[in-house]
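Counting from 2, one number per residue, gives the positions in the sequence shown under the working numbering. Backbone N, C-alpha and C fix where the C-beta goes; we use that ideal spot for every residue, glycine too. Bear in mind that the values here come from a model prediction, so they are computed numbers and not experimental data. What follows is a set of notes on a single structure, which appears directly below.
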Amino acid sequence: MRVGLPWLLLPALLGVAAPARGQPAHPPPSSFEYLQYGVAFTAETVASAGDVCPPGASAPCIFGSGGGLTIRVGYRSRGPWYVGGAYEASRHDPSNLLRLAILQQIRAETRYYLDQGNRLTPYFSGGLGAALYGSEWGAETGGVTTFVGAGLEFQLSRTTLVGAGLAYRPLLLRGWTDTAGQRRADRYLGFGLAHVIALELSLEVRDPLARW
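See the structure below:
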């Protein structure tokens, strides 16, 4: 009886092992559509103030690096796409030319996820929006912004995600004269460019949408 026991157990072991071999290495793509929303802490590094702080200006640069908070909400498809909107407010260094320099942005955004089978998912991102810059919540100038970037998203649970992203954001701002009498952003038909590199650390939640 002791000699035959391993042979009696062998079919049972094979029966357990066979389904394991048949299982996919990664979970299948999501069968749900989601409402995805969250917040992000954002560092805005001014790579070049460009026409906002023109060469030879008598006044110091009014647009330095800063940081702030982003709120976003959007639609996450069953496939690789996310489409949504975001509002960002960031405080910047104005070289004491503004009381409290705040850059406000409202953007339409999209992401394309490269691999939905892993909890750690890379993506490319892009978008277009509007920007306002001024003291406190006022506007000294405004214009348009766009961005391209990439990031990583990690799924903590079925509904909770954390992520990090890096993006290049050019700002095309309307020309204005600051409180020091310096004319700024007045190069291209009354507009000027500035260039920003943004780093985001995000926390997002996704809620399944009801099926129709």
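- Message: With DSSP as the reference, identify every bridge partner of Phe155, one or two as the case may be.
- Response: Here residue 155 refers to the residue found at position 154 when the sequence shown is read from its first residue. Paired residues: Leu121 and Val163.
- Item | Cβ-Cβ separation, Tyr83 to Thr111 (assumed contact under 8 angstroms), whole Å | Stepping through the sequence shown from its first residue, residue 111 is reached at position 110. Stepping through the sequence shown from its first residue, residue 83 is reached at position 82. With a Cβ gap of about 6 angstroms, Thr111 and Tyr83 count as contacting.
- Query: Quick one: does the C-beta of Leu153 sit closer than 7 angstroms to a heavy atom of the ligand MG?
  - Reply: Inclusion of the ligand MG in the displayed structure is not the case, the ligand content being empty and no account of it being possible.
- Using the rule of at least 16 other Cβ atoms within 10 Å of the residue's Cβ for burial, across every protein chain shown, is Phe155 buried or exposed? Along the sequence shown, read from residue 1 onward, the residue named residue 155 stands at position 154. With fewer than 16 Cβ atoms within 10 Å of its Cβ, Phe155 is classed as exposed.
- Query: Should Trp138 be labelled buried (16 or more other beta-carbon atoms within 10 Å of its own) or exposed?
  - Reply: Against the sequence shown, residue 138 aligns to sequence position 137. The residue in question, Trp138, is exposed, as its Cβ has fewer than 16 Cβ neighbours within 10 Å.
- Task: Could you check how far apart the C-beta atoms of Gly166 and Gly150 are, in whole angstroms? I think they sit under 8 angstroms.
- Result: For this step, residue 166 is matched to residue 165 along the sequence shown. For this step, residue 150 is matched to residue 149 along the sequence shown. That pair is a contact at about 6 angstroms.
- Rank Thr160, Gly68, Ser49 and Leu210 by C-alpha distance to the C-alpha of Ala186 and give the top, closest one. Taking the first residue of the sequence shown as position 1, residue 186 is located at position 185. Considering only alpha carbons, the answer is Ser49.
- Exposure label - Ser91; buried when at least 16 CB within 10 Å: Counting from 1 along the sequence shown, the entry for residue 91 is found at position 90. With 16 or more Cβ atoms within 10 Å of its Cβ, Ser91 is classed as buried.
- Message: Comparing C-alpha positions only, which one of Asp116, Ile63, Gly182 and Gly118 sits nearest to Pro95?
- Response: Against the sequence shown, residue 95 aligns to sequence position 94. Measuring from the Cα of Pro95, the nearest candidate turns out to be Ile63.
- Query: Which stretch, first to last residue, makes up the beta strand (DSSP E) that contains Ile103?
  - Reply: What you label residue 103 is simply residue 102 of the sequence shown in a count that begins at 1. Counting along the chain, the beta strand (DSSP E) containing Ile103 begins and ends at Ala102 to Tyr114.
- Looking at Glu201 and Thr46, is the spacing between their C-beta atoms short of 8 angstroms? Within the sequence shown, residue 46 is the residue found at index 45, counting from 1. Within the sequence shown, residue 201 is the residue found at index 200, counting from 1. Cβ distance not < 8 angstroms, so Thr46 and Glu201 don't count as in contact.
- Run through DSSP, which three-state label would Asp52 get? Position 51 of the sequence shown holds residue 52. Residue state, collapsed to three classes: helix.
- Query: My guess is that Gly86 and Arg73 are in contact by the Cβ rule of under 8 angstroms, so how many angstroms apart are they, rounded?
  - Reply: In the sequence shown, the residue the question calls residue 86 occupies position 85. In the sequence shown, the residue the question calls residue 73 occupies position 72. Right, the Cβ-Cβ distance comes to about 7 angstroms (below 8 angstroms), so this counts as a contact.
- Query: With DSSP run on the structure shown, which of helix, strand or coil describes Ile198?
  - Reply: The residue given as residue 198 occupies position 197 in the sequence shown. Of the three classes helix, strand and coil, the one that applies to Ile198 here is strand, per DSSP.
- Within its chain, find whatever has a CB closer than 7 angstroms to the CB of His196; leave out the 5 residues flanking it on each side and keep chain order. Locating residue 196 in the sequence shown gives position 195, counting from the first residue. So the list reads Ala48, Ser49, Gly51 and Pro171, once near-sequence residues are dropped.
- Message: If I measure Cβ to Cβ from Gln183 and keep anything under 8 angstroms in the same chain, skipping five residues before and after, which residues do I get?
- Response: Taking the sequence shown and counting its residues from 1, one reaches residue 183 at position 182. The residues are Ala58, Ser59, Ala60 and Ile63.
- Message: Here's the rule I'm using: 16 or more other beta-carbon atoms within 10 Å means buried, otherwise exposed. How should Ala132 be labelled?
- Response: Residue numbering aside, residue 132 sits at position 131 when the sequence shown is read from its first letter. It counts as buried.
- Task: State the Cα-Cα distance for the pair Tyr124 and Gln117, rounded to the nearest angstrom.
- Result: Here residue 124 is taken as the residue at index 123 of the sequence shown, counted from 1. Here residue 117 is taken as the residue at index 116 of the sequence shown, counted from 1. Each residue's alpha carbon lies about 10 angstroms from the other.
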